[in-house]
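Student: Position in the sequence shown (first residue = 1) + 231 = my numbering.
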Amino acid sequence: MSGMTSETERVRGIWDKLAPRYEKDIKFFERMLFSGGRSWACSQAGGVVLEIAVGTGRNLEYSPPGIQLLGIDVSPRMIAIAQQRALALGHQADLHVGDAQALDIPDESVDTVISTLSLCSIPDDRKAVSEVKPVLRPGGRFILMEHVASPLRLVRVFQKALDWIAVRTGQSAVRPSSSGPSVVSGGATQASPHRSVSWSRAAAIPYRQLRPVESRRHGSSCLPGT
Numbered sequence: 232m233s234g235m236t237s238e239t240e241r242v243r244g245i246w247d248k249l250a251p252r253y254e255k256d257i258k259f260f261e262r263m264l265f266s267g268g269r270s271w272a273c274s275q276a277g278g279v280v281l282e283i284a285v286g287t288g289r290n291l292e293y294s295p296p297g298i299q300l301l302g303i304d305v306s307p308r309m310i311a312i313a314q315q316r317a318l319a320l321g322h323q324a325d326l327h328v329g330d331a332q333a334l335d336i337p338d339e340s341v342d343t344v345i346s347t348l349s350l351c352s353i354p355d356d357r358k359a360v361s362e363v364k365p366v367l368r369p370g371g372r373f374i375l376m377e378h379v380a381s382p383l384r385l386v387r388v389f390q391k392a393l394d395w396i397a398v399r400t401g402q403s404a405v406r407p408s409s410s411g412p413s414v415v416s417g418g419a420t421q422a423s424p425h426r427s428v429s430w431s432r433a434a435a436i437p438y439r440q441l442r443p444v445e446s447r448r449h450g451s452s453c454l455p456g457t
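1. Looking only at DSSP bridge pairs, what is V173 linked to?
2. Rounded to a whole number of angstroms, what is the C-alpha to C-alpha distance between V242 and I283?
3. Tell me, which residues are paired with D304 by DSSP?
4. Would the stretch 352-371 count as touching the stretch 325-333 if we require 3 or more Cβ pairs under 8 Å?
5. For a test of the three-state rule: what should DSSP assign to M309, helix, strand or coil?
6. For P251, collect the residues of the same chain with a Cβ closer than 6 Å to its Cβ; drop the 5 residues on either side in sequence, then sort them by chain order.
7. How would you call D304, buried or exposed, if buried means at least 16 neighbouring beta carbons within 10 angstroms?
8. Is there contact here, the stretch 319-326 with the stretch 344-356, by at least three beta-carbon pairs under 8 Å?
9. Near K248, which residues of its chain fall below 7 Å by C-beta distance, leaving aside the five closest residues on each side in sequence?
10. Look at the Cβ atom of R289, then the Cβ atom of T347, and state whether they are nearer than 9 Å.
11. Using CA atoms only, rank isn't needed, just tell me which of L441, C351 and E377 is closest to L367.
12. Just to confirm before moving on: does the CB-CB distance between P307 and C273 stay below 9 Å?
13. Using C-beta distances below 8 Å, list every residue in its chain close to V341, excluding the 5 sequence neighbours before and after it, in chain order.
14. Assuming A317 and T287 form a contact by the criterion Cβ under 8 Å, report the distance between their Cβ atoms to the nearest whole angstrom.
15. Who are the near neighbours of E339 in its chain, counting only those whose CB is closer than 6 Å to its CB and skipping five residues on each side?
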């Protein structure tokens, strides 16, 4: 991929290395921390759907009937697994290598953009969010699901104790991505259809409530080795 930054190249290498064991590692966290989140988020999608950081295609089994699905991920090995999953499920999905920080998608060409548990692994998460609105058609929606820290101190302690395990999968049980609350103004995630699921929060954010965010690399990363 031309124009990829050195940090994005590094992240791609991490995900390529993790890809063979990712499914085994993530199943525990899916059950314990994010149960029901993916199915709710995917149920909000419709029309032409772009999934950023599609990974191994864990959302494919929840895809509503009748959608046209596009999916990108920075890791060729993750995309290869997602393509195999789509084939096994009988889905016609266009899945290919791509950078969420520089979408190679025509403006106003999709009805839904979906991102689940992915922003914290994108080097410049705010840049990725800023790429969403231009590709959405007016009236479209950004479906965002992210892991968040619990407001309860005792639970936060438990979450932090899990971090040393969580980083093996490139995820974090604790640190919310910097872009999550910033993509909308005036508490729009509360006004939009939303759902809190265990240690995650999912929201369906209307096009009109998306606003530009300043691009900046977040100060910390949940990727291994950072």
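The C-beta atom is built at its ideal place from N, Cα and C for all residues, glycine as well. This one's a predicted model, so the numbers in the text were calculated from it and none came from an experiment.
Tutor: Answer, in terms of the structure:
1. This structure does not reach residue 173, given that the chain is present from 232 up to 457, and the question cannot be answered.
2. 15 Å
3. Partner residues in the beta bridge of D304, as assigned by DSSP, are V328.
4. yes
5. helix
6. none
7. buried
8. no
9. Excluding sequence neighbours, K248 sits near nothing in its chain.
10. Yes. Within cutoff.
11. L441
12. no
13. G278, V279, V280, L281, L301, V366, L367, R368 and G371
14. Not confirmed; about 10 Å, so no contact.
15. R368
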